[in-house]
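Student: Please see the structure below; I have some questions.
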Amino acid sequence: MKYLTQFLRITGFTLVGELLQRLIPLPIPASVYGLVLLFAALCLGVIKLEQVKDAAGFLISILPILFVSPAVGILENWGMIRSAVIPMFLLALLSTITTFAIAGRITQSLRKKEEDHDQAA
Amino acid sequence: MIKLLESISIFPVLLTLAAFRVGQLCQQKWKKPIFNPTLIGMILVIAFLLATGMNADGYSAEMGKMSWLMTPASICVAIPMYELFQILQKSLKAILAGVCAGALSCMLVIAAVGLLLEFEQSILISLLPKSVTTAIGVSLSELFGGMGGVTTAVIIVTGIAGNMMGPMLCKLFGITDEVAQGVAFGTAAHVIGTAKANELSQLTGAASSLSLVVAGLLTAVFMPMIAGFL
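Right, dumping it as structure tokens:
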């Protein structure tokens, strides 16, 4: 029963997310609306962690399985991407390295500044 | 025999679960990110379809009936995000700035190099959300006219690359701060990178988990602006 009510709540947020995606003329996925709403509800105390946590844990744990079939969809697109596969993956590699470096360095320098600031004060 | 199996709607589900389970066993045995259960699951299912000549559209259609589960499952990521917000409160500003810069630069690099190499537009769109969690990346890709299957594959390969190269990249770029390392893993290599961050330290893992969600959200915000230029 615990799972039922928890899943019901999560389904409610999903429905609102889907509705918002249809009503707001922005290219934002329903999952993003739902995620932000659930996060806001948790922060505001509208919903308590214990009221969704168990069902959410289960759903998160099955996500990797749900992605197998979309990944198999690459078979359909194979003709289209065949000639670009190697440059595509090289570009993915390159951007992973630049993203890693930029995200890490910026956080590091800001954290150092804050620490220096704290010590000065 | 294949004709008979094609007519049974639980068969694609069984095939998917079995293929994923084999992937999981491989990962447990060899403990290397390259044995990603989703990736191995995909390869095994494709191999099965090609070897038996089973109808791939039939497989996709049958599995598509389960795709409604993806949105509620993706939404649930809000829960770890909420918990991590409490833990990492002190460094939030530095984390958000790092993720924001990382996510934006990722898409700019892809757009710039992609245009230079004259990629087809649908390929470029499929590549744009490749550093974020599949939960958000695939819907973004499809929303802008990309190919969900291509995006899923590139996202997984990105995660594996980030996981394997991460420790070396930390040394190369002099990223020594634990929180900063976490932000780098989470922003560049989502959940798969986070697995490595968790091995480094608890704090690094927490920062990585938070960063991967924030990176997904910010990518959703930046995507219309960048896709608009292509």
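Residue numbers (the numbering used here), protein chains in the order written: chain C, 1 to 121; chain Z, 122 to 351.
Quick reminder that beta carbons are idealized off the backbone N, C-alpha and C, glycines included.
None of the values given here were measured: they were computed from a predicted structure.
#1: If the criterion is Cβ atoms closer than 8 Å, does the pair residue 80 (chain C) and residue 275 (chain Z) meet it?
#2: I want to know whether the segment 64-79 of chain C touches the segment 255-272 of chain Z - three or more CB-CB distances under 8 Å.
#3: Taking 8 Å as the threshold (beta carbon to beta carbon), is residue 105 (chain C) in contact with chain Z?
#4: Are the beta-carbon atoms of residue 199 (chain Z) and residue 253 (chain Z) separated by less than 8 Å?
#5: First and last residue of the alpha helix (DSSP H) that includes residue 348 (chain Z)?
#6: Tell me which residues share the same chain as residue 184 (chain Z) and place their Cβ nearer than 8 Å to its Cβ, disregarding the 5 neighbours each side in the sequence.
#7: Near residue 255 (chain Z), what residues of its chain come up, given a Cβ to Cβ distance below 7 Å and the 5 sequence neighbours on each side ignored?
#8: Let's test the definition: count the other Cβ atoms within 10 Å of the Cβ of residue 174 (chain Z) and tell me whether it reaches 16, buried, or not, exposed.
#9: Restricting to runs no shorter than 4 residues, where is the alpha helix (DSSP H) found entirely within the segment 167-222 of chain Z?
#10: Give me the residue from Z:169, Z:203, Z:178 with the minimum Cα distance to residue 50 (chain C).
#11: In this structure, how does DSSP classify residue 128 (chain Z) when only helix, strand and coil are distinguished?
#12: Could you list the residues in the segment 52-73 of chain C with a C-beta less than 7 Å from some C-beta on chain Z, going in chain order?
#13: Enumerate in chain order the residues of its own chain whose CB-to-CB distance from residue 332 (chain Z) is below 7 Å, with the five nearest sequence positions on each side excluded.
#14: Is residue 141 (chain Z) helix, strand or coil when you go by DSSP?
#15: Going along chain Z in order, which residues have a C-beta closer than 7 Å to the C-beta of residue 114 (chain C)?
#16: Taking the straight line between their C-alpha atoms, what separation do you get for residue 68 (chain C) and residue 114 (chain C)?
#17: How about residue 280 (chain Z) and residue 313 (chain Z): do their beta carbons lie closer than 8 Å?
#18: Tell me whether residue 298 (chain Z) is buried or exposed, calling it buried when 16 or more other Cβ atoms sit within 10 Å of its Cβ.
#19: Could you check where the alpha helix (DSSP H) with residue 61 (chain C) kicks off and where it finishes?
#20: Quick one: grab the DSSP three-state call for residue 156 (chain Z).
#21: Here's the rule: buried if 16 or more other CB atoms are within 10 angstroms of the residue's CB, otherwise exposed. What is residue 193 (chain Z)?
#22: For a contact defined as C-beta to C-beta under 7 Å, what are the partners of residue 122 (chain C) on chain Z?
#23: Do you know offhand how far residue 46 (chain C)'s Cα is from residue 324 (chain Z)'s?
#24: Looking at residue 64 (chain C) and residue 340 (chain Z), is the spacing between their C-beta atoms short of 8 Å?
#25: Residues of chain Z with CB closer than 7 Å to the CB of residue 79 (chain C), please, in chain order.
#26: Could you tell me which chain Z residues have their CB closer than 9 Å to the CB of residue 1 (chain C), listed as they occur along the chain?
#27: Who are the Cβ neighbours of residue 231 (chain Z) in its own chain at under 8 Å, not counting the five residues just before and after it?
#28: Taking 8 Å as the CB-CB limit, is residue 175 (chain Z) close to chain C?
#29: Which one of Z:294, Z:240, Z:284, Z:196 has the shortest CA to CA distance from residue 83 (chain C)?
#30: Run the CB neighbour count on residue 112 (chain Z), radius 10 Å, all protein chains shown included, and call it buried at 16 or more, exposed below.
#31: Just mark residue 1 (chain C) as buried or exposed, buried being the case when its beta carbon has 16 or more other beta carbons within 10 Å.
#32: For residue 5 (chain C), count neighbouring C-beta atoms within 10 Å of its own C-beta (all shown protein chains included) and say buried if the count is 16 or more, exposed if not.
#33: Could you check the C-alpha separation between residue 315 (chain Z) and residue 351 (chain Z) for me, to the nearest Å?
#34: Name, going along the chain, the residues of the segment 287-303 of chain Z whose beta-carbon falls closer than 9 Å to a beta-carbon of chain C.
#35: Alpha carbon to alpha carbon, what distance is there between residue 295 (chain Z) and residue 109 (chain C)?
#36: Answer yes or no: do residue 36 (chain C) and residue 181 (chain Z) have a C-beta to C-beta separation smaller than 8 Å?
Tutor: If we stick to the structure as given:
#1: Numbered from 1 along the first sequence, position 80 holds the residue referred to as residue 80 (chain C). Numbered from 1 along the second sequence, position 154 holds the residue referred to as residue 275 (chain Z). No, the Cβ-Cβ distance between residue 80 (chain C) and residue 275 (chain Z) is not below 8 Å.
#2: yes
#3: Here residue 105 (chain C) corresponds to residue number 105 of the first sequence, with the count starting at 1. Yes, residue 105 (chain C) counts as interfacial toward chain Z.
#4: Here residue 199 (chain Z) refers to the residue found at position 78 when the second sequence is read from its first residue. Here residue 253 (chain Z) refers to the residue found at position 132 when the second sequence is read from its first residue. In this structure, residue 253 (chain Z) does not lie closer than 8 Å to residue 199 (chain Z) by Cβ.
#5: By one-based count along the second sequence, residue 348 (chain Z) stands at place 227. It spans 323-350 - the alpha helix (DSSP H) in which residue 348 (chain Z) sits, taken as one unbroken run.
#6: Residue numbering aside, residue 184 (chain Z) sits at position 63 when the second sequence is read from its first letter. Result list for residue 184 (chain Z): 133, 134, 137, in chain order.
#7: In the second sequence, the residue the question calls residue 255 (chain Z) occupies position 134. Result list for residue 255 (chain Z): 273, 276, in chain order.
#8: Residue mapping note: residue 174 (chain Z) aligns to position 53 of the second sequence, counting from 1. Classification for residue 174 (chain Z): exposed.
#9: 177-185, 191-196, 199-208
#10: For the purposes of this step, residue 50 (chain C) is taken as residue 50 along the first sequence, with counting starting at 1. Answer by Cα proximity: Z:203.
#11: For the purposes of this step, residue 128 (chain Z) is identified with residue 7 of the second sequence, where counting begins at 1. Residue 128 (chain Z): coil per DSSP, three-state reduction.
#12: 52, 53, 56, 59, 60, 62, 63, 64, 65, 66, 67, 68, 69, 70, 71, 72, 73
#13: One-based indexing of the second sequence puts residue 332 (chain Z) at position 211. Around residue 332 (chain Z): 216, 220, 303, 304, 307, 308.
#14: Within the second sequence, residue 141 (chain Z) is the residue found at index 20, counting from 1. Note: residue 141 (chain Z) maps to helix in three-state DSSP.
#15: Counting from one through the first sequence, the residue named residue 114 (chain C) turns up at place 114. Residues of chain Z passing the Cβ test: 215.
#16: For this step, residue 68 (chain C) is matched to residue 68 along the first sequence. For this step, residue 114 (chain C) is matched to residue 114 along the first sequence. C-alpha separation (whole angstroms): 43 Å.
#17: Here the question's residue 280 (chain Z) lines up with position 159 in the second sequence. Here the question's residue 313 (chain Z) lines up with position 192 in the second sequence. Yes, the pair counts as a contact, with Cβ atoms nearer than the cut-off.
#18: Here residue 298 (chain Z) refers to the residue found at position 177 when the second sequence is read from its first residue. Residue 298 (chain Z) comes out buried.
#19: Numbered from its first residue, the first sequence carries residue 61 (chain C) at position 61. Here the alpha helix (DSSP H) through residue 61 (chain C) covers 53-66.
#20: Here residue 156 (chain Z) corresponds to residue number 35 of the second sequence, with the count starting at 1. DSSP places residue 156 (chain Z) in coil when its eight states are reduced to three.
#21: Indexing the second sequence from 1 puts residue 193 (chain Z) at position 72. It counts as buried.
#22: Outside the shown range of chain C (1 to 121) lies residue 122 (chain C), about which nothing can therefore be said.
#23: Mapped onto the first sequence, residue 46 (chain C) falls at position 46. Mapped onto the second sequence, residue 324 (chain Z) falls at position 203. In a straight line, the C-alpha of residue 46 (chain C) is about 28 Å away from that of residue 324 (chain Z).
#24: For this step, residue 340 (chain Z) is matched to residue 219 along the second sequence. For this step, residue 64 (chain C) is matched to residue 64 along the first sequence. Contact: no.
#25: Reading the first sequence from its first residue, position 79 is the one you call residue 79 (chain C). Neighbours of residue 79 (chain C) on chain Z: none; closest Cβ ~11 Å, over 7 Å.
#26: Translated into the one-based positions of the first sequence, residue 1 (chain C) becomes position 1. Per Cβ cutoff of 9 Å: no residues; residue 1 (chain C) is ~18 Å from chain Z at best.
#27: Mapped onto the second sequence, residue 231 (chain Z) falls at position 110. Cβ neighbours of residue 231 (chain Z) beyond the five flanking positions: 245, 248, 249, 251.
#28: Here the question's residue 175 (chain Z) lines up with position 54 in the second sequence. Output row for residue 175 (chain Z): interface = no.
#29: By 1-based counting over the first sequence, the position of residue 83 (chain C) is 83. Cα-wise, what sits closest to residue 83 (chain C) is Z:240.
#30: With chain Z running from 122 to 351 in the structure shown, residue 112 (chain Z) is simply not present.
#31: As a first step, residue 1 (chain C) is located in the first sequence; it is residue number 1 there, counting from the start. Flag for residue 1 (chain C) reads exposed.
#32: Along the first sequence, read from residue 1 onward, the residue named residue 5 (chain C) stands at position 5. By the neighbour-count rule (16 or more Cβ atoms within 10 Å), residue 5 (chain C) is not buried but exposed.
#33: Counted from its first residue, the second sequence places residue 315 (chain Z) at position 194. Counted from its first residue, the second sequence places residue 351 (chain Z) at position 230. One C-alpha to the other measures close to 31 Å.
#34: 287, 290, 291, 293, 294, 295, 296, 297, 298, 300, 301, 302, 303
#35: Stepping through the first sequence from its first residue, residue 109 (chain C) is reached at position 109. Stepping through the second sequence from its first residue, residue 295 (chain Z) is reached at position 174. Cα to Cα, the separation comes out at about 11 Å.
#36: Walking along the first sequence from the start, residue 36 (chain C) turns up at place 36. Walking along the second sequence from the start, residue 181 (chain Z) turns up at place 60. No; because the gap between Cβ atoms is not below 8 Å, this pair is not in contact.
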